[in-house]
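Let me begin by presenting the structure, written as structure tokens, before commenting on it.
Protein chains: 2
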Amino acid sequence: MAAPLRIALAGLGTVGAGLVRLIESNGALIASRAGRPVEIVAVSARDRSKNRGVDISGYAWEDDMTALAARSDVDVVVELVGGSDGPALATARHALKGGKALVTANKAMIAHHGLELAELAEANGVALRFEAAVAGGIPVIKGLREGAAANRIERIYGILNGTCNYILSTMEQTGRDFGEVLKEAQELGYAEADPTFDVEGVDAAHKLAILAALAFGAKIDFAAVDVGGIGRVRAADIAQAEALGYRIRLIGMADVDDQGNLFQRVQPCLVPHNNPLAAVDGPTNAVVAEGNFSGRLLFQGAGAGDGPTASAVAADLVDIARGDTGAPFSVPAAELAAFAPADAGHRTGRTYLRFVVADRPGVLAEIAAAMRDGGVSIESLIQQGRPEEGGEVLVAMVTHEGPEANVAKALALLEGSASLAEAPLVMRLLG
Amino acid sequence: MAAPLRIALAGLGTVGAGLVRLIESNGALIASRAGRPVEIVAVSARDRSKNRGVDISGYAWEDDMTALAARSDVDVVVELVGGSDGPALATARHALKGGKALVTANKAMIAHHGLELAELAEANGVALRFEAAVAGGIPVIKGLREGAAANRIERIYGILNGTCNYILSTMEQTGRDFGEVLKEAQELGYAEADPTFDVEGVDAAHKLAILAALAFGAKIDFAAVDVGGIGRVRAADIAQAEALGYRIRLIGMADVDDQGNLFQRVQPCLVPHNNPLAAVDGPTNAVVAEGNFSGRLLFQGAGAGDGPTASAVAADLVDIARGDTGAPFSVPAAELAAFAPADAGHRTGRTYLRFVVADRPGVLAEIAAAMRDGGVSIESLIQQGRPEEGGEVLVAMVTHEGPEANVAKALALLEGSASLAEAPLVMRLLG
Chain A
1 MAAPLRIALA
11 GLGTVGAGLV
21 RLIESNGALI
31 ASRAGRPVEI
41 VAVSARDRSK
51 NRGVDISGYA
61 WEDDMTALAA
71 RSDVDVVVEL
81 VGGSDGPALA
91 TARHALKGGK
101 ALVTANKAMI
111 AHHGLELAEL
121 AEANGVALRF
131 EAAVAGGIPV
141 IKGLREGAAA
151 NRIERIYGIL
161 NGTCNYILST
171 MEQTGRDFGE
181 VLKEAQELGY
191 AEADPTFDVE
201 GVDAAHKLAI
211 LAALAFGAKI
221 DFAAVDVGGI
231 GRVRAADIAQ
241 AEALGYRIRL
251 IGMADVDDQG
261 NLFQRVQPCL
271 VPHNNPLAAV
281 DGPTNAVVAE
291 GNFSGRLLFQ
301 GAGAGDGPTA
311 SAVAADLVDI
321 ARGDTGAPFS
331 VPAAELAAFA
341 PADAGHRTGR
351 TYLRFVVADR
361 PGVLAEIAAA
371 MRDGGVSIES
381 LIQQGRPEEG
391 GEVLVAMVTH
401 EGPEANVAKA
411 LALLEGSASL
421 AEAPLVMRLL
431 G
Chain B
432 MAAPLRIALA
442 GLGTVGAGLV
452 RLIESNGALI
462 ASRAGRPVEI
472 VAVSARDRSK
482 NRGVDISGYA
492 WEDDMTALAA
502 RSDVDVVVEL
512 VGGSDGPALA
522 TARHALKGGK
532 ALVTANKAMI
542 AHHGLELAEL
552 AEANGVALRF
562 EAAVAGGIPV
572 IKGLREGAAA
582 NRIERIYGIL
592 NGTCNYILST
602 MEQTGRDFGE
612 VLKEAQELGY
622 AEADPTFDVE
632 GVDAAHKLAI
642 LAALAFGAKI
652 DFAAVDVGGI
662 GRVRAADIAQ
672 AEALGYRIRL
682 IGMADVDDQG
692 NLFQRVQPCL
702 VPHNNPLAAV
712 DGPTNAVVAE
722 GNFSGRLLFQ
732 GAGAGDGPTA
742 SAVAADLVDI
752 ARGDTGAPFS
762 VPAAELAAFA
772 PADAGHRTGR
782 TYLRFVVADR
792 PGVLAEIAAA
802 MRDGGVSIES
812 LIQQGRPEEG
822 GEVLVAMVTH
832 EGPEANVAKA
842 LALLEGSASL
852 AEAPLVMRLL
862 G
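First to last, the protein sequences are chains A and B. Position one of the first sequence corresponds to residue 1 (my numbering), numbered consecutively onward. Position one of the second sequence corresponds to residue 432 (my numbering), numbered consecutively onward.
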């Protein structure tokens, strides 16, 4: 059997400890499938003595993470520290510049610095892999980069954040409101103490930017993602959607539009019951890639957790052990295109709009007039009979197919109206 | 850019013509992603002059398929002829012995001769790839072989035949019976004129045997698959299942049991509504792999058709162009284990049993006594009030969790009973 692939582990949090367990537990199987053993040689983390439930005494220790890259007994640095910059980025740069392959689960770092790191990897002739950065244990980057490699990807979309999906599907099943379910999710460990990155859509946007770069051969452009979160979705919205035959999911979606511009958006959407994403409950992730020959491909599984994430990291290690070290973003970094961000106004579709209005005469007429003046045609309108607390009433509507620009124009007409108790909630219907 | 990967195409049916179209349409994209162009150099089929909707005049022609393997201007032979033996197998053997890589969509050939062909490929240092042989355009072989490579696979199961899934889901949606829906499926092109291989489960069994070999590192053993079809499922069974919270799907399933033996079965099963396979409608395929770290991974998409199948063939070609040529069954052929076939009697689970009985007193008592004497505990029993044509009555029951051997014993006690108008229909509940 060939010489072992020797890895250094930067970061020993839950995923790092999971990877140690995985390699201990499945090492023989991995060696057989990879054609050579995958061995941990050295580790680094903030605190050497912390109890992680795994024995690290057999591995060399480095206080300074970047020193891992300098070790002559290391082939691959595995970065599991997290954070877009700081020690993670320093470790990544050192590794690639030092001629080591880099495997990372760090979505924020790849979303912000993926192009630079890919260029570094290619310049130094080493692999850069980040399967675990998107959708946990699901091999969706492999599916796009290799499984669908012969297809022009027409659209990619999916449920990319397990926390949001847990919250939305639990709200749906229990009829409870966002705040209450978020609190429970935090107690159960499905949401962080500070859930901002998850519930505001930033985490999903990191993953979407990575998928879009791969799918469309684009220079990664996280800043251009139109990001929305789920914090304003109410139990009443979920009930309205259900009555219309839809479920609400936080959807990341990207395509190249008619003008050749790159559209990237994360937003709660109404997903029809017959779409497989509607059936995705709990902290699960699912990604759909539509190829011009493959048709619709769906990849689904656990979006987070130490086991699934470690599984994805180890899949990258097996690929590297087997000698599969193609371009990080499928095509060479120099061939990645700099797309202009799409103007969503050109897009057509159906939109769900929900207003919280004062319970008094004339409000509905005001909204209807704004829709008319914006050129928005209303397909169905539901005014909730019973006022909410504080005498507010919810008015929800679904538009006919039409340009998003018209919806924006109608909403601009309503801006500042004394009839609206809060800004309207706008969600698209997944077509 | 590196030299082109030159391919020879054996077989120009719908998939072959689809591959020609794909390479014409997406050639530049493929070259960019693969790092080199993929070019068709030579073709062979039964009839040179047949109109296939694609122009093959630019390719060299061989009357004898096996001659493709002898051409010095060819790197890869793509076998799209079909059939487990005959010209397909001859072409495959010639190609590998001649030092050409082989890509095939031929599930029957791999199910019957996969081990021999893998040994040939390894002995000659060339690639053998067969992504298109399982689940059409879905990269499930890649998902298992690479994406889940670091996992011990605990169970693999899925919907592996689009024809059967179309028929069962249409029966479910329309309440019509098998024969009528099969006829319609044939008219719509979802079923062959001779549907035997599909509806009797043989096609799904070919795919299951391939998946099991990959998942468990097993010497492929098609003969050991316990194969059942959907021809005896009635609309009434689907209605009963629905009432119990289940949908009927033809499921291929494999695992290594407690005794270390390989269990492989294709059988219509009752799938609970909360399992993602229950939502899979129409001619779609879906495969679930349960890894010991990844958890449950689901791969879903079009299970057949020229576009999806060509997409999978081309994905294999891109891998070969990139230089990824590991062992065909993930581990080297010499390391594949010869598992003994499992004795299903040891397995425990819940079973759906449906009897067609004469409408007269004492029949139910006879069945109940046989269940008691077999040691089968009945969870629910439904006797349909209104007799079917011919005075027959359907009796359906679901057992409590228990050994399959007990169900077999109970049914053996009823064998030859004058009360039964036909053999009982036995379906397992997917746990």
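Cβ coordinates follow ideal geometry from the N, Cα and C atoms, glycine included. Quick caveat: nothing in here was measured; it's all calculated off a predicted structure.
Taken through DSSP and simplified to helix, strand or coil, Leu825(B) comes out as strand.
Asp774(B) and Phe694(B) have their C-alpha atoms some 8 Å from each other.
Under DSSP, the beta-bridge partners assigned to Val509(B) are Leu440(B), Val534(B). When the Cα atoms are used, Gly691(B) and Met109(A) turn out to be separated by approximately 44 Å. Close to chain B, meaning a Cβ-Cβ distance shorter than 7 Å, are the following residues of the region 301 to 330 of chain A: Gly301, Ala302, Gly307, Pro308, Ala310, Ser311, Ala314, Ala315, Val318, Asp319, Arg322, Asp324, Gly326, Ser330. When DSSP states are grouped into helix, strand and coil, Arg350(A) belongs to the coil group.
For Leu160(A), the secondary structure class from DSSP, reduced to helix, strand or coil, is coil. With a beta-carbon spacing of about 6 Å, Ala105(A) and Leu80(A) fall inside the 8 Å limit used to define contacts. When CB distances to chain A are screened at a threshold of 9 Å, not a single residue of the region 679 to 698 of chain B falls below it.
Nearest to Phe293(A) by C-alpha distance, out of Ile461(B), Phe770(B), Ala439(B), Pro707(B), is Ile461(B). In this structure, Asp203(A) keeps its C-beta atom at 9 Å or more from the C-beta atom of Asn151(A). Taken in chain order, the complete beta strand (DSSP E) segments of 3 residues or longer contained in the region 50 to 95 of chain A are 76 to 79. The beta carbon of Leu420(A) does not come within 9 Å of any beta carbon belonging to chain B, so the residue lies off that interface.
Flagged as an interface residue toward chain A: Ile461(B), by a C-beta distance shorter than 9 Å. Counting the other Cβ atoms within 10 Å of the Cβ of Thr627(B) gives fewer than 16, which makes it exposed.
Identification of residues in the region 147 to 181 of chain A having a C-beta nearer than 8 Å to some C-beta of chain B yields Gly147, Ala148, Ala149, Ala150, Asn151, Arg152, given in sequence order.
Scanning its chain for C-beta atoms nearer than 6 Å, with the 5 sequence neighbours on each side dropped, one finds around Ala314(A) the residues Leu22, in chain order. Here Gly147(A) is not near Gly754(B), since their CB atoms are 9 Å or more apart.
The beta-carbon of Gly217(A) is placed less than 9 Å from the nearest beta-carbon of chain B. Taken atom to atom, the span from the alpha-carbon of Ala649(B) to that of Leu144(A) is near 28 Å.
Between the alpha carbons of Gly326(A) and Leu450(B) lies a gap of roughly 24 Å. Not a single CB atom of chain A sits nearer than 9 Å to the CB of Ser503(B). Burial check for Asn51(A): the Cβ neighbour count within 10 Å stays below 16, so the residue is exposed. Contact annotation: in the region 330 to 343 of chain A, residues whose CB is within less than 9 Å of a CB in chain B are Ser330, Val331, Pro332, Glu335.
Against chain B, a Cβ distance below 7 Å from Arg33(A) picks out Ala580, Ser761, Val762. Residues of chain A with a Cβ closer than 8 Å to the Cβ of Ile438(B) do not exist; the shortest Cβ-Cβ separation is about 12 Å. Residue contact with chain A for Glu547(B): absent (no Cβ-Cβ distance below 9 Å to any residue of chain A).
Asn406(A) carries a helical assignment under DSSP once its states are collapsed to helix, strand and coil.
Taking a C-beta distance under 9 Å as the contact criterion, Ala127(A) and Asp319(A) qualify as a contact pair. With fewer than 16 other Cβ atoms inside 10 Å of its own Cβ, His704(B) counts as exposed. At least one CB of chain B lies nearer than 9 Å to the CB of Pro276(A). Taking the Cα of Glu585(B) as reference, the smallest distance to any Cα among Gly722(B), Gln698(B), Ala799(B) is reached at Gly722(B).
Taking 9 Å as the cut-off, the beta carbon of Gly114(A) is found no closer than this to the beta carbon of Pro403(A). Of all residues in the region 114 to 145 of chain A, the ones placed with a Cβ closer than 7 Å to any Cβ belonging to chain B are Gly137, Ile138, Pro139, Lys142, Gly143, in chain order.
Within the same chain, Cβ atoms closer than 6 Å to the Cβ of Asp747(B) are found at Val534, Arg560, Glu562, the five residues on either side in sequence being excluded. At least 9 Å separates the CB of Ala536(B) from every CB of chain A.
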